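Chains as they are written, first to last, in the numbering used here: chain A, 2 to 435; chain B, 568 to 714.
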């Protein structure tokens, strides 16, 4: 096994994958070390870029739709947000995010995961909780369900028999009551049966659909879909999403989409699998193991000690990118105090390092506001290099990207995968010296 | 008078220490000869019927690693596991939750989940780093322990 690389990326969620894909563009030898999938695999499957920081529930939906404007507004209002940190470093996060999106759009398209065309405006997509959210980029199967495009159009939420995790009746009623009066919908429901699925989770329903159920379902749906848009539960194929959509179209079901997902998320799994395929296609080495420690010398990271199948191995690199995620990915660990386990970097909330008295640091006076615990992470400079408590750069050849960064809540700020893509893209660029 | 009393206490202490030291030596000899510590038998006697079993240090460490499971279901999707008919614990995620929260359910878990070394070949996907082959190994060792 080769143990010397130009760039070693730790983590393979959206941030790590984009960093590795961008870095490999330079022709250098790249490795990704990961202990498992990133939490991208648990995401809704869509890519949130920037929700309106001034958005108020009940506002006209149109007000929240310009994500580039929202990125600038976030960077202006929240100095610790990664968008603001990059802006302070002389970058233009809104424009560079558009560039990074085009990059990942092409990469995913190349491995069979079509995305909805990138525009400057957020899509409004429904979720299985009876609500909707604003998201900048989505998989093609999801993006066709943009409520803004469907305004005034009859929309049928499809419930699957014996699939309780997608309560179509409840979703349709909730949407009708919340946005129906504003001209969206009307929303109604229709129950479908999937051959080979006698009950269980969305995963089992998707598996049945992929193996035997889609043709029968398509012919059953052909009659009802002439003047209405159909929204499926998020089950349109774990790995064969494109084939499923094509089969539906072949049977005359043309106007349909797929709802966003909550874990267990098939669209999220689909997104992560496509990132893996893109890494393999571009010749990035993927190593499955757990980074135990790092060897540093004179402000440079020299090597990583990695446990692979119970054996310790040493990997050397010229540059390193930390994209280990937050609590799920293990980038920030909880213990008596919160810590970053690979390089033992200080964890910050805002400008304060989390110290022994972290409980006090984590309290908030605004119960409905963003919670500090979810905004904790490591601080970086405008070049994405991690900082020590004294604000000095930790190492000249280490960059960080994604939700390990402080200053934003990757699950609740409406900018989760947007930050991952932008910081991954920038870290990949910086690491190879572009 | 005080001197005599102190001496009596000292002698009593020495006898006590000597007695327990001798007892300890005898216990060590029995252990060396292969007799199990009586505590293990008492534990099984008291808790065996409830499905609780004594855990080794290695098992406890293994359980700690499994406790990272958040029930996201990725392992089920990736390993393409299908539950046995009528099984309540149908996948590794519910199994690892069960192992770390309710040991008496291990028996049921073992019967309901069809895990095998072959099914664990792609075991590198859990976002929390929970090892599904670790679940398998635990079940194997639990089998030996007769949980």
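C-beta atoms are modelled at their ideal positions from N, C-alpha and C, and glycine is treated no differently.
All of these numbers come straight from a predicted model, not from anything done at the bench.
In the three-state scheme derived from DSSP, where H, G and I count as helix and E and B as strand, residue 115 of chain A is classed as coil. The C-beta distance from residue 398 of chain A to residue 321 of chain A rounds to 6 Å, short enough to meet the 8 Å contact threshold. Around residue 68 of chain A, the same chain offers 50, 51, 123, 137 as residues with beta carbons nearer than 6 Å, after the five sequence neighbours per side are excluded. Contact between residue 316 of chain A and residue 32 of chain A holds: their C-beta atoms lie close to 7 Å from each other, under 8 Å.
Put simply, the backbone Cα of residue 301 of chain A is about 10 Å away from that of residue 318 of chain A.
Your pair residue 231 of chain A and residue 257 of chain A checks out as a contact, with CB atoms roughly 4 Å apart and the cut at 8 Å.
Under the three-state reduction of DSSP, residue 289 of chain A is assigned to strand. Between residue 242 of chain A and residue 111 of chain A, the gap from beta carbon to beta carbon reaches 8 Å or more.
In the pairwise beta carbon analysis, the stretch 321-340 of chain A is classified as touching the stretch 27-41 of chain A: at least three pairs are separated by under 8 Å. Residue 610 of chain B is outside the set of residues whose beta carbon lies under 8 Å from a beta carbon in chain A. Scanning its chain for C-beta atoms nearer than 7 Å, with the 5 sequence neighbours on each side dropped, one finds around residue 326 of chain A the residues 12, 14, 39, 40, 332, 403, 404, 405, in chain order. The beta carbon of residue 630 of chain B sits no closer than 8 Å to any beta carbon of chain A.
Residue 222 of chain A and residue 107 of chain A have their C-alpha atoms spaced approximately 32 Å apart. If you check the CB distance, residue 275 of chain A and residue 268 of chain A do not come in under 8 Å. Those residues of the stretch 276-298 of chain A placed with their C-beta closer than 7 Å to a C-beta in chain B are 289, 291, ordered along the chain.
Shown here for residue 412 of chain A: same chain residues with a beta carbon closer than 8 Å to its own, the five before and five after excluded, namely 375 in chain order. Under the three-state reduction of DSSP, residue 315 of chain A is assigned to strand.
DSSP, read as helix, strand or coil, puts residue 170 of chain A in helix. For residue 569 of chain B, the enclosing alpha helix (DSSP H) covers residues 569-599. When DSSP states are grouped into helix, strand and coil, residue 322 of chain A belongs to the strand group.
Using a CB distance cut-off of 8 Å, residue 242 of chain A does not count as an interface residue toward chain B. If the five residues before and after residue 281 of chain A are omitted, its C-beta is found closer than 8 Å to the C-beta atoms of 287, all from its own chain and listed in chain order. Of the candidates A:169, A:164, A:234, A:164 places its Cα closest to the Cα of residue 201 of chain A. Close CB contacts of residue 240 of chain A within its chain, under the 8 Å cut and outside five residues either way in sequence, are with 211, 271, 274 (chain order). Taking the Cβ atoms as the reference, residue 139 of chain A lies roughly 18 Å from residue 18 of chain A, outside the contact range of under 8 Å. DSSP, reduced to helix, strand and coil, places residue 402 of chain A outside both helices and strands of the structure shown, so it counts as coil.
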